[in-house]
Each structure stands twice: as structure tokens, then as C-alpha cells.
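Read through the structure below, which is laid out as C-alpha cells, and then see the notes.
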Amino acid sequence: MTMLEIEGLEVLEPTAQWRLAEVQLLNWGTFDGLHRVPIARKGQLITGSSGSGKSSLLDGIAAVLTPDGLLQFNAAAQGAGGGRGDRSIVSYVRGAWSKTADEEQDRVVSRFLRPGTVVSGVLLRYHDGADAVVALARLMFLKGTSTDKGDLRDAYLLEQGELDLERLRGFVTSGANGIDTRALQRAHPKAVLTTSGKHAKFYARLQSVLGIGGDNALQLLHRTQSAKNLGSLDHLFRTFMLDRPATFAIADNAVQQFGELDAAHRHVVDLRRQRDALMVMRELGDRYDDASARATAAGELRDLVRQFEARERLRLARQERAAAEIAAQQASAALAVAREADEAAADDHRLTQQALDRAGGADLVQLDVRIRDVEREAGQRRARLERLARQLADVGIERVPGTEEQFAGLRALAEDELRQPPAKLDMEHPAVQRLARSTERRRRIDDELRALRDSRSNVDARRLGVRSRLAEHLGVPERAVPFAGELLEVLPGERRWTGAIERVLRPLATTLLVRAEHLAAARRWIDAESLGTRLVFEVVEADVPSPRSLASDASLVRKVVVASGNFHDWLAHRLSEQYDIACVETADELDRFARAVTIRGQVKRSATRYEKDDTHAVDDPTRWLLGSSEARLEALLAQRVDADAEAKEAHREVEQLQADVELSTRRRQQLSQLVTESWEQYDASSAAARVAQLERQRLVLTSASGDLKRAAAAEQEARVAATAARAAADEALAAARAAVRELEGLAGAISEAERSIAADGRGELAPEPVEQLEARFREVRRRMTLAELPAAAREVEGRLGRERERAIGERDLAAQDFAAAATSFKEKWTVASADLVARVDDRAGFRALLETIEANDLPSQEQSFRRLLRAKSSDVVGFLRKELLDAPKEVRERIAPVNESLGRSQFDRDRFLRIRVKLTRGDVVQRFMQELARIAEGSWDDEDAASAERRFEVLAQLMARLGSSEPADRKWRELCLDTRLHVSFLAEVVDRAGLVLETYDSGASLSGGQQQKLVVFCLAAALRYQLTQEGSERPRYGTVILDEAFDKADSSYTRMAMDIFVEFGFHMVLATPLKLLQTLEPYIGGVAVVQNPTQRQSTVDQLGFERSR
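Take the sequence shown: its letter number 754 is residue 1207 in this note's numbering, and every next letter is one higher.
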């Protein structure tokens, strides 16, 4: 059943309704010359083959009826959401009919029917079904060969009466403006005439006369022209009923305004970076001051050691002199006692000696003398034999001769060995060679470690020395003339490629970079000096081209980072230009790239040249030159441990060899001495036998007389006592003399100390350094004596000297680090540090700059930034969020009049249609709304810098995505900002009482026919709402144009749609294939056939079904 078949409904042609009656085209598109196309009042079908010009005719109607700002040509072919394509006012005026290649300009250009000065126009004549006529015309003029819309002159004319393009073209001349608007106004004094692109008056009068509700109605009519094959309510309302929301403009404005906030944030970040850099420099300055103070204090204390030592020596000497005086007195008294005892013992011995003589002891005395002599000889022989045994054992001879025969055998052995050549150390022995190599390796490593610690650079010491001398000559810090390798670093995630990258970049790494302003002076100095090494240097210009695009993602350039600063752009360009070399895992992959390097260091330089330099291992960090020296330092330290172990092991072997040689030498010396000696020197046994024999003779002598025996015993006892007394007296004498010498020495020490103190002229030393030196001396010796004082003083002096040297080293290192940091600071912030010098001497200036930033600049800028962040968050972001939140309400308000219009027409018998808006924000939109809330809401009163940063970070990320041109971000932007996508539309079928009987979700759960009917019904209702004046049931303006209407639809859908439009009182003008003529015949009164047989010029033929008025 169609709408026309619903019982009780009678479709009558409304009277006094403006309907399009005629279209006139003058030089429009492929319609060359003047063409008149009558439009049947019942309805008009415009048909023809594809490309014949049907859409061009309808676009001509739109060019008059639709303001340029809303105009979209050939929209049906573009699709509802498409762009404007390649059609424009100018292309229609010129008559673009095809495209061709311009070989000279290497581009595709349009071919025009009218390439010269041209007059174009479109006229629409409307009739109200009674006697009233309204004519709308647009005249256009384009001079010369211009295709610039800015050169197009046009005039709009609205006449409540007849107009004709043939007459109107007479008001267009070839003058400057082309259109004689004054003459045109005089010829039509009551007409509305607008020119110069200002046509608001024309459209206001058009809407008033034709009964069109406003620009929204014009836009809906224009959109309906391309509304073919509507699929759902969502598509209808989103595309044809709702305007592009203001959220896009608000977001664009937010992105633009964010620039001010971003600049404020960048300024704050820049000040923070300055502060952080200056804080490092302040710490370095503090280290410098602390080290300087420690060096000065240690130096001053060291200079006082000699004076302190003299005063301590005086104190200790006086202290010890008192004890020595007592000891001297005691020694003198002991000497007197010892001498008395000695004299008494001597007297006793003389008396016993006399008694022995009287008892006949002369022979006994002689015998005793002989015994003592033989015993002494026996002892000497035993000592010599024991010494010989030790000497022989020391040279490897364990068997000691005990008889003359054994001694003779040993001499024979010695003579045999002495005939052999003497042993010496073999300098070609492997151990000796290993020791030499390991010692040299250790020395070389130590040199590299020393250079590395001093310079913190991986470049070799000779080149660093040249750089240091050059920098001194130029009067700049060494950092101002860096080696390229010092500015390059392999990314942490790409460290396994370091060896291969080092192979490729080694020539660049050792290249010295000299800025252009230093070139002349550097070149002269380098030419005049003998450098002692090979030096390559390159000039770095201020103006450097941008880096080239890289050939592949595997490029070596992507695996390194260039340090920021004055040389960054030059190095980045040089890397992209000369070192865009692919990194591949295996040699087989080298074929994939023009230039490449394997992870094991094989380099492909060209299609035919390969190189692999394994002079050193590819993974040997000690050969690496790029970036930080930490890896190289660790590797060198590890190699130092290995070299030390190797040297120690080789040294042990060489020591053993040397010991063997020394043992052989000593053995020869011992054996050489042995062959010159006789056994008699060592024959202790015969001497012992002689002593025994003499002892037996003495026993026989003393046994013969008892008196002699007693006298001999008494004499021997007295002799022992006298000997002991003599020894005690000698000892007492030595002690007394030592005490005297001690006193004399102390007296000399006191005199010398007093002279030294008097000579230095310092008098009493200050208490503080004295206390410090006393503590220092106690660290060396807890209890000090005069004898220990000099050694302790030298130890303290040495310790203070070493402390001073360490402090000076720390001071110099801090000064070097400060200069490097200051140089970097001045390079980054030239203006802020214009009056400062990049040396530690100006640390007070940098400290003052830091204090200014901390006290004033940074707090002020942070406050300004937070204030601006608060304003932007509240105003711009808050406004955007409010617009998004209010959008569903505004959509409902926009749909309300449509529902009112729907309520005036039955959708089915006693059934009406009502549209309900449903909020359907997805997860992406919800997160977007939450982020906006995080920015715009919350308390600002207690917000600190960290909170502001977090808020700004969220805002910055949002603004970056909103302003991004990346396809994914553009899609996200559309999804978040297009509030039409945040709602869907439900169709509710209600009865006359408003009770909901059925609900359809945007056409879901409906058959194809039902769905199409529902959508077209809503479109027609929307049109009726826009075109019907208050209090009227029928639209005052009736013509609805559909381009490519129903071209893919079946006859049922076509009839259903036409029934709805007719029932709602609309006059249909359809551009569609001729195959639908039978289906559309009941709804139309005329057919216009458009043809373009030459593909250049279109024609129109009429097949009339009704007589035109």
C-alpha cells in the first residue's frame, strides 16, 4: 500500500506554491550558448547517459539557489561525505570538458570550451500556480584566460516578473568590471541586484518571496539534491539535517590559543633547564671552592711543619735533657762502684797468682795457655766447617766433607764444574719476552688510562694534546673544538651494534671540528706546528642544510644520537649524507642494500668494494672512540688487571731464571774458593784430639800435688771474678760516656732548635694550626720521642703534600668541568649569559644568575604560566567541554520541529512517527571527555607546579592530537568533536494519543522497504518543516531536486519515496536514468533528455507530458 492508497487521504495539488518552471543556462559547463529547459509543474524528469551533463544542469540551479559558502557541486557523485571534487564556478564558466597532460609543466590540466573572455549565466523562473512569477538570475563574467575565482565578476538579480538571459547578457561588456550593474538596475528598478560577492540581500529577499525559512532551509534543499540511497536515520539526520558542529571551530581556536600557553610553558621549561644547569655549575663551583680551601689549608700546614718540628724538637729535647741529667748522674755513680770492684778483683787475682807460683804452678800455667790456644783453634776450625756447610748447602751441595778424602773428592767435583762456561740469563727465553711484552702493554694501558681520566675523551692522547694546544692558541675552551666522536653516542638500545658502528664512523670520530670563525687562525697554527700525529679537521659552517631522508629503517644513523649544541646540525647532516649505511645481521643480507655493515664489522662500501679490518677485535671497547668513556675505561681497567697478572706471572718465571743464574754464579764462586783451600783449615777433629791430650797432661800434673791443685783452683776462680769485674767496669764506663754524649747531643739539639726558631722569626705559632699539626703528628706516632720526630715530620709533610696535590687535582677537575658546563650553557643561552665568561673565575656571575632565576624569573614565569593555564583550561577547554555536553540537548531541540512536522502526517493508518535522540558516546569519546574534565575541573587554589605540569601535559597531548594531520589523529578528532556521531536516532511509532507502539533503532529490525520508507518520510517531514510557514499545512516553496535519484533502487522503493514527497506537497525534479520513466510517469509532467555525443557540448531535448504554462 502506498501513501496515495491510505483511506481518507486525498492528494491535491497545492495552489499558490512556488515551483520551478524554467531553467535557462548561458555558457554553463558543457552547455555552450543559451539553453532553455522548461520544468513541468507536476514534476520533471531529467535523464541522459552518464557524463551527458545532467548534474551540470542541476549544479546550475544550485549555483543560484544556494549561497557559495554552502555550495557543493556534483555532490551526488562525490558521496554524501565527499569533498568538492574538481568542479567549481570557474570550471563551469570556462566549460571544462576533459583533462590532458601538460608535458612542459608536468601536470594534468583541464581543457575548456571557452578559454577566452566569457559571459555566463543561470536563470531560474518560478511560478506560484496562479499568476505570480519570480525570476532569479546569476550573471558571471571572466576576462582573458584567467582561471582564478578572484577574477570572476558576478551579479545576482531577483525580479518579481519575467526575465530572460538573452536580454541580460546585453548588460555584460568587455570593460574592466564586465557587468554594467548601473544599466541593469535602471532596466529593472524594482529588482534586487547584488554584486561584488555581497549577496546577503539577494538571499534574504529570495527567502522572503519564495517562503523559504532561511539559510538552513536552503542548505537542506541543496543537501537533498545529493541524498540518494539514504540508508538509515542516523545517516539522514547526521548528514542532511544537522550542521557541522561548532566544536571543530572551538577546537581549532583552542589549538591556536594553545600556542600562547605552549610558549609560556616552553619559557618556564627553558628557565628550569637554565636553573638545573646553573645548579650543576653551582655545585661545581662549591667543589672548586672546597678543593681550593683544602689545598690552601694543606699547603699552609705543610709550610708550618718545619717550624712546628723545631718547636717540638726544643720541647722534647728539654724534656729528655732532664731525664738524661739524672741518668748521667746515676751512670757516674755506677762507674765509681764498678771501678772499685774491678780494683778489688784484680788485687784478689794477683794474690792467688802469687800463691800458685809459690806452689810450683809455672808448668801448669804454660799448659793452660797451650790448652786455651788449641781450644781456640779447634773452635775456629769448627766455625769454618759450619760456614762451609752453609755455603755448600746454599749452592746446592748438601754433603759436607768429614775427612780429608771426602774434601779431595769435593775439590775434584769443583774443578770439573769450573771447566764449564758460566751460566747467564737468556734474553730470548719465552718468559723474558712475555715479561717485556706485558710490561710494555701495562705501560701503554696506564698511559691511556691517565689520558682518559684527564680528558674524559676516547680520542688518543696525541690528538688530545694537539687539540689542547690549538684551543689555547685560539683562546677558547677545548669543548669549542671537539672531535666528532665526542659528540656521538650509540643509543642504549642499540649497544650490540657499537663495534660495527665504530668501524664505519672511525674516520669521522677522529675528525676535529672547527667553527668557521676560527678557521684562519687554526689553519695557520696547524701549518706552523709539528703535530707529532695525523690530524684531520673540518670547517663547520653556521648555515647547514637539513639532514637527508634515510634510505631505510635499518640505517646506522638511526642507531646513534648527536649531542645538542653548535655542532648538532652539521653532524646530523654529515651522518645522513655520508653514513646512511644499513646495519644487517649477516653477510648474506648485504645484497639488500647499496651500502651496509654486518654486526661483525664487514663493510660494504659499494656494489663492488667490501672491507673488514680485524686489526683489533670488533667488540674491543678499548678501541672505541664514540661518546662516553665509561665503557672504554672499564675495558682498560679490566685489561690493566689482565696485563698486571700476566706481568706478575712472567716476572715470577724470570725471577726464577735469574735465581738459577745467581745460584750458578754463587756456586762457581764457592767452588773457585774451595779449590784454593786445604783440609787442614777445616780439620776440627784433630784439634779436638789435641785438646783432650793436653787436658790429660794437666790432670796428671795437678794430681801429683794437692797444694798445687788447690792453688790452681783458687787462681782460676779469682781470674774469672777479675774478668767479670773488668767487664762490669768497662760497661759502666761506656754507660757513663753514653750519658755524657746524650747530654751533649741534647744540648746541641736544644741550641739548634733555638737557632732555627729564632731564624724563622715567627715566634709562637697560632693555636689553631698547632692543634691541627699535633693531631697530624699523633696520627703518625701516638707517643713521640726526639729520635722519632724527624721521620714523623717527614711523614706528616708528605701526607700534607699529597693531600694538597689531591685537592689541587680536584680543584682543577672542578674548574675543567665548570668551564665545560659554562661553555655549554653559553652555547644554549647566549643572551642570558652574554656578560659572563665560561671560566670558573666567573662562577660568582653564574651564581648570581641562578639566584635571579630562582628568586624572581622562574617563580614569576611559573605563576604566569599557571595563571594562563588556568585561564585557557577554564575558558577554551571548558567552553569546548560545555559545547560537547550541550550538543545532545541542541540536537533534541533541532529535532523537535521535525517531530512537530511528522505529527501532522500519518505514517500509517492512525499511526504517526516520532524521532527520539539517544546519547551514544563511545569509549574514545568518553575518555576524551574525561581528559577535558581533568583539565577544566578541579581546585586551582592549592595546585603546585607538579600538578600544573600534569594538567598541562594532558592539555598538550590533546592539543597535539587535535592539531595533528596524521590520518589516525584526524579520524580520532572527527570521532571526538563531531557531536552528530555522539547521538543516534530512534524512530518511535505512536498512536494519536502519543502512546509508543513500536521503536526502531535507526532503521534496525526493519525490512529494507520499511527502513527506506521511514528515512524518506523523515526527510520529507524535515523539508516540510523548513519550507512551511507558520499556520500553513503545505510548504510555500515546493520544488525538491534529487540528483541521480533512485538510480540503484527498485520500482517499489521509487514509488514509495515519490508517494511520500507528493503526499507532503513537494514538486519533484529528478535527474535519473531513463529506465525509471515507467515507474516515475505518474509523478512527472515532462522529460528533458540531456545528450553529449561529442563529449564536449551538451544539448537538451524535451518530451512533454503536460502543457507548460
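Glycine included, each C-beta is placed from N, C-alpha and C at the ideal position.
Close-in-space but distant-in-sequence residues of the same chain around residue i (CB under 8 Å, 5 per side omitted)
i	result
residue 1326	1388, 1389, 1404 and 1408
residue 465	Confidence in residue 465 is poor, its pLDDT being 41 and thus under 50, which makes the residue's placement unreliable; the coordinate value appears in the next sentence. Closer than 8 Å at the Cβ level, and outside the excluded window around residue 465, lies no residue.
residue 1423	1417
residue 1254	751 and 755
residue 1242	762, 765, 766 and 769
residue 1444	1363, 1364, 1365 and 1450
residue 1004	1033, 1035, 1046 and 1047
C-beta contact flag for residue i and residue j at 9 Å
i	j	result
residue 788	residue 1182	yes
residue 1547	residue 1499	no
residue 1218	residue 761	yes
residue 1490	residue 664	yes
residue 809	residue 1167	yes
residue 1493	residue 1522	yes
residue 506	residue 476	no
residue 1511	residue 1536	yes
residue 1089	residue 1075	yes
residue 473	residue 575	no
residue 1338	residue 704	no
residue 1296	residue 946	no
residue 1474	residue 1385	no
residue 518	residue 637	no
residue 587	residue 480	no
residue 1100	residue 891	yes
residue 645	residue 611	yes
Residues of its chain near residue i, where Cβ-Cβ distance is below 6 Å and the 5 sequence neighbours each way are ignored
i	result
residue 1549	550
residue 1329	707 and 710
residue 1477	1354, 1488 and 1517
residue 884	1103, 1106 and 1107
Neighbourhood of residue i by C-beta distance below 7 Å, restricted to the same chain and skipping five residues each side
i	result
residue 558	For residue 558, the predicted structure reports a pLDDT of 49, less than 50, and the residue's modelled location is therefore unreliable. A value from the coordinates is still provided. The answer is none, since no qualifying residue turns up.
residue 1456	With a pLDDT of 48 at residue 1456, under the threshold of 50, the modelled position of that residue is not reliable, and no figure is offered here.
residue 1250	755 and 758
residue 1555	491, 1539 and 1541
residue 1322	714, 1401, 1404 and 1405
residue 1210	763, 764 and 767
residue 1310	724
residue 1300	735 and 738
Of the listed residues the options, nearest to residue i (C-alpha basis)
i	options	result
residue 1070	952, 1497, 850 and 1057	952
residue 436	1487, 1429 and 1538	Residue 436 cannot be examined here, being either before or after the span of the chain that is shown, 454 to 1562.
residue 985	1193, 1030, 930 and 915	915
residue 1109	1338, 1237, 888 and 1292	888
residue 820	1336, 1233, 1148 and 1524	1148
residue 749	714, 1089 and 1263	1263
residue 930	1288, 1280 and 1311	1280
residue 1062	1052, 1047 and 1073	1047
residue 1527	501, 596 and 1041	501
residue 1079	1164, 691, 964 and 1050	964
residue 723	1485, 1427, 1283 and 1383	1283
residue 1374	1145, 1348, 1300 and 1437	1437
residue 966	936, 1049 and 975	936
residue 954	992, 1035 and 998	1035
residue 659	1053, 794, 520 and 1324	520
Any chain D beta carbon closer than 9 Å to residue i
i	result
residue 823	Going by chain labels, chain D is absent from the structure shown, which holds only one protein chain.
Residues bridged to residue i [DSSP beta-bridge criterion]
i	result
residue 942	1014
residue 594	572 and 606
residue 491	475
residue 922	Residue 922 is not bridged to any residue.
residue 1554	1542
Worksheet item: What runs of the beta strand (DSSP E), each 3 residues or longer, lie entirely inside the stretch 604-661?
Response: 606-612 and 645-648
Discussion item. What ranges does the beta strand (DSSP E) occupy inside the stretch 710-742, keeping only unbroken runs of at least 3 residues that lie completely in it?
Written reply: none
Item to complete: Run through the stretch 1212-1255 for me and flag every whole alpha helix (DSSP H) of 4 or more residues, listed as ranges in chain order.
Response: 1220-1233
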